[in-house]
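Participant: Sharing a structure with you now.
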């Protein structure tokens, strides 16, 4: 596991765990988005390859993550995402935002939405769109939970 | 009969600067355009260019180019169960495909059986599931192994899958000496780019040398490795990095063979290469030309190869998957055609053209057929096969070829200084270089400096963005493969399987060639997962330190 320190210093940086679950090793997307989020001022923890949902949730817990981003290109999202959401709930991490990037067929999107996953980023999504989505969501949550 | 090569006439300065302006981001040099830098002296060039079919083969390995034989139209294909993929192969052969190319699913590529917990949700998704000889028999049902050439894209379990193919040939009554095809067997680019590795690098190198040695003796027409730049490029490398890392990987394999006591000319002639065909047309052509020249010189000078076949770099090309867009997917047909043309003009010996729907899913039958038709149009409806290296002598291409060679030699030196490629990988050097390039690439797209039609330019045209049909692999494939595996485990001789796996384990502890042990395990219907586990027991697994 590798921590990427950001040069910017806001009071509480948004903390993001980027994970690559499943057997697939195509990590270009995961690495690019990890760097983009870091450059946008977030604190990014990249788990490396072949993480089980259990390992990802453990990392999110240890790192006090606001966001868990998973990169899946292999078609295994229908197995991985439900398990991930279930484990987060079991740990009481209901506020953690789950976002998914990769090759997700349109037909699977309603199923992922039903799990509460709104941030689904298909091929060609600009990095800025992902940065904005995370920023909006995390600020929204902290606004309601800080009182 | 050799036809005289047609050499492109020298372009005028005016036309040259126009051409150079059109290509803004060559990666071979500083990133500027040709007009920013020096040009190749035409008189010097005329003296040193050489002819196609002669050392150092910059202009091609055949004097008559495609005059003697067209490139092999080899469409990478595999999905779902072995039955489904077998049907796709028969359709591709019927449609004029001239070679097969097997895409395996992730569990197979990672040496896991379909019932392993890590295989959950992955069986048959990214390729065909092949767990044992029984699946291999189904995959090639009705296809004679003496009648096709087969390329198999697999790396860590390459010796296991090759053993299955050899045993299948035995069963079909085909002599190994007559088998023709390629096993990718290129583990270094897995550590560098695609990350489908199992064992630590040094043990993996031993497996590769075992394949070199075994095939030199037993299957002399088989290409024992396809040293691949394709995945390196797809992971984000520039054209120059693709060229340099791939050839340096090749050098590492040759050195490993030599260190194991093999004679260079005994195994190097069966080494083949695999490059990407990307959007920068001239740069890609220059890359292929530079690759041939560098390899020929390296083999002759650094390794003192004497057999001409050791000097000749033969390569497969595949159009750039990473250039395909999910938006306006029909644009992908155009991209692929242009990329394929660059590969042909660069002298590719074998070619895969991507299908228009591959940013979304594995291709449908119709999309796969259109991809094949794309290269058939280039081959049969145009005059490109009448020429050999038609850009030979072109200022732009010659200059880029020269820059590619110089840049690659700089990388060779850096990697040599790091102690060779295995050592450079262990230090994360090529991984970091590629990750940096990938990030720069994405930033250029976001800033609009790098144009992607339908994504950051002409994105809202309102046409061409209609949903296209895509292939959907459902979960029943996994269930079928698991039950098939259970049946196999019930009917095979379990004691015989255990015995062959024990022998394999003992072999892994020592230094004996493992291929004969793997062949015995395959004959007993041991699975890919069982054979890979036997070696895991002895060698452990590799885990990388992720470099961002």
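Protein chains in written order, with the working numbering: chain Z, 34 to 180; chain H, 3 to 550.
Glycine is no exception: its CB is placed at the ideal position from the N, C-alpha and C atoms.
This structure is a prediction, so every number in the text was calculated from the model and none was measured.
Report the rounded CA-to-CA distance for residue 71 (chain Z) versus residue 480 (chain H), giving the unit in angstroms.
Facilitator: 38 Å
Participant: Going by DSSP, name the residue or residues bridged to residue 216 (chain H).
Facilitator: Looking at the DSSP assignment, residue 216 (chain H) forms no beta bridge with any residue, so it has no partner.
Participant: Give the single residue among H:299, H:157 and H:329 whose Cα lies nearest to the Cα of residue 460 (chain H).
Facilitator: H:329
Participant: So is residue 585 (chain H) buried or exposed if we call it buried at 16+ other beta carbons inside 10 Å?
Facilitator: The requested residue 585 (chain H) does not occur in the structure, where chain H is confined to residues 3 to 550.
Participant: Counting only C-beta atoms, is residue 186 (chain H) closer than 7 Å to chain Z at any point?
Facilitator: no
Participant: Taking residue 137 (chain Z) as the reference, which of H:265, H:107 and H:364 has the closest Cα?
Facilitator: H:364
Participant: Looking at residue 232 (chain H): is its Cβ nearer than 7 Å to the Cβ of residue 174 (chain H)?
Facilitator: no
Participant: What ranges does the alpha helix (DSSP H) occupy inside the stretch 354-438 of chain H, keeping only unbroken runs of at least 4 residues that lie completely in it?
Facilitator: 367-383, 397-419 and 423-428
Participant: How would you call residue 191 (chain H), buried or exposed, if buried means at least 16 neighbouring beta carbons within 10 angstroms?
Facilitator: Of the other Cβ atoms in all chains shown, 16 or more fall within 10 Å of the Cβ of residue 191 (chain H); this residue is therefore buried.
Participant: Going by other Cβ atoms of all chains shown within 10 Å of its Cβ, with 16 needed for buried, is residue 508 (chain H) buried or exposed?
Facilitator: Residue 508 (chain H) comes out exposed.
Participant: Measuring straight from C-alpha to C-alpha, what distance separates residue 419 (chain H) and residue 426 (chain H)?
Facilitator: Residue 419 (chain H) and residue 426 (chain H): Cα-Cα distance of roughly 9 Å.
Participant: Compile a chain-ordered list of the residues in the stretch 340-373 of chain H whose CB is closer than 8 Å to at least one CB of chain Z.
Facilitator: 361, 362 and 363
Participant: My understanding is that residue 333 (chain H) touches residue 74 (chain H), with C-beta atoms under 8 Å, so please give their C-beta distance in whole angstroms.
Facilitator: That belief does not hold up - the Cβ atoms of residue 333 (chain H) and residue 74 (chain H) are roughly 27 Å apart, past 8 Å.
Participant: Quick one: what does DSSP say residue 509 (chain H) is sitting in, helix, strand or coil?
Facilitator: Three-state DSSP puts residue 509 (chain H) in a helix.
Participant: Note down, in chain order, each residue of its chain lying with its Cβ closer than 6 Å to the Cβ of residue 20 (chain H), except the 5 sequence neighbours on either side.
Facilitator: The predicted model places residue 20 (chain H) with a pLDDT of 30, which falls under 50 and marks its position as unreliable; any figure quoted below should be read in that light. For residue 20 (chain H), where only same-chain residues beyond five positions count, there are no Cβ hits under 6 Å.
Participant: Please check the pair residue 50 (chain Z) and residue 96 (chain Z), which I expect to be a contact at CB under 8 Å, by giving their CB distance rounded to whole angstroms.
Facilitator: 6 Å
Participant: Rank H:80, H:69, H:160 and H:368 by C-alpha distance to the C-alpha of residue 97 (chain H) and give the top, closest one.
Facilitator: H:368
Participant: Can you tell me which residues form a DSSP beta bridge with residue 154 (chain H)?
Facilitator: H:104 and H:185
Participant: Could you tell me whether the Cβ atoms of residue 99 (chain H) and residue 374 (chain H) are closer together than 7 Å?
Facilitator: yes
Participant: Whether or not the stretch 98-116 of chain Z and the stretch 115-125 of chain H are in contact is what I'm after, with contact meaning three or more pairs of Cβ atoms, one per stretch, closer than 8 Å; do they touch?
Facilitator: yes
Participant: According to DSSP, is residue 79 (chain Z) part of a helix, a strand, or is it coil?
Facilitator: strand
Participant: Kindly indicate if chain Z contains any beta-carbon less than 7 Å away from that of residue 159 (chain H).
Facilitator: no
Participant: Of all the CB atoms in chain H, is at least one closer than 7 Å to the CB of residue 124 (chain Z)?
Facilitator: no
Participant: Is the CB of residue 99 (chain Z) under 7 Å away from at least one CB in chain H?
Facilitator: no
Participant: Please list, in chain order, the residues of the stretch 47-64 of chain Z that have any C-beta partner in chain H closer than 8 Å.
Facilitator: 55, 56, 57, 58, 59, 60, 61 and 64
Participant: Tell me the DSSP secondary structure of residue 55 (chain Z) in three-state form.
Facilitator: coil
Participant: Exposed or buried, residue 377 (chain H), counting other C-beta atoms within 10 Å across all chains shown (16 or more means buried)?
Facilitator: buried
Participant: Does chain Z have any CB closer than 7 Å to the CB of residue 440 (chain H)?
Facilitator: yes
Participant: With 7 Å set as the bound, which would you pick, yes or no: does the beta-carbon of residue 328 (chain H) sit closer than that to a beta-carbon of chain Z?
Facilitator: yes
Participant: Report yes or no: do the stretch 189-204 of chain H and the stretch 142-150 of chain H share at least 3 C-beta pairs separated by less than 8 Å?
Facilitator: no
Participant: Counting only runs of 3+ residues fully inside the stretch 135-161 of chain Z, write out the beta strand (DSSP E) ranges in chain order.
Facilitator: 152-154
Participant: Could you tell me the distance, in whole angstroms, from the CA atom of residue 200 (chain H) to the CA atom of residue 424 (chain H)?
Facilitator: Distance between the alpha carbons of residue 200 (chain H) and residue 424 (chain H) is about 15 Å.
Participant: Determine the extent of the alpha helix (DSSP H) in which residue 102 (chain Z) is found, giving its start and end residues.
Facilitator: Premise fails: residue 102 (chain Z) lies in the beta strand (DSSP E), 100-105, not in any alpha helix (DSSP H).
Participant: Name the two residues that bound the continuous alpha helix (DSSP H) containing residue 280 (chain H).
Facilitator: Residue 280 (chain H): not part of any alpha helix (DSSP H); DSSP gives it neither H nor E.
Participant: Runs of 4 residues minimum, wholly inside the stretch 130-178 of chain H: which ones carry the alpha helix (DSSP H) assignment?
Facilitator: 135-141 and 160-174
Participant: Answer with yes or no whether the minimum CB distance from residue 122 (chain H) to chain Z is below 7 Å.
Facilitator: yes
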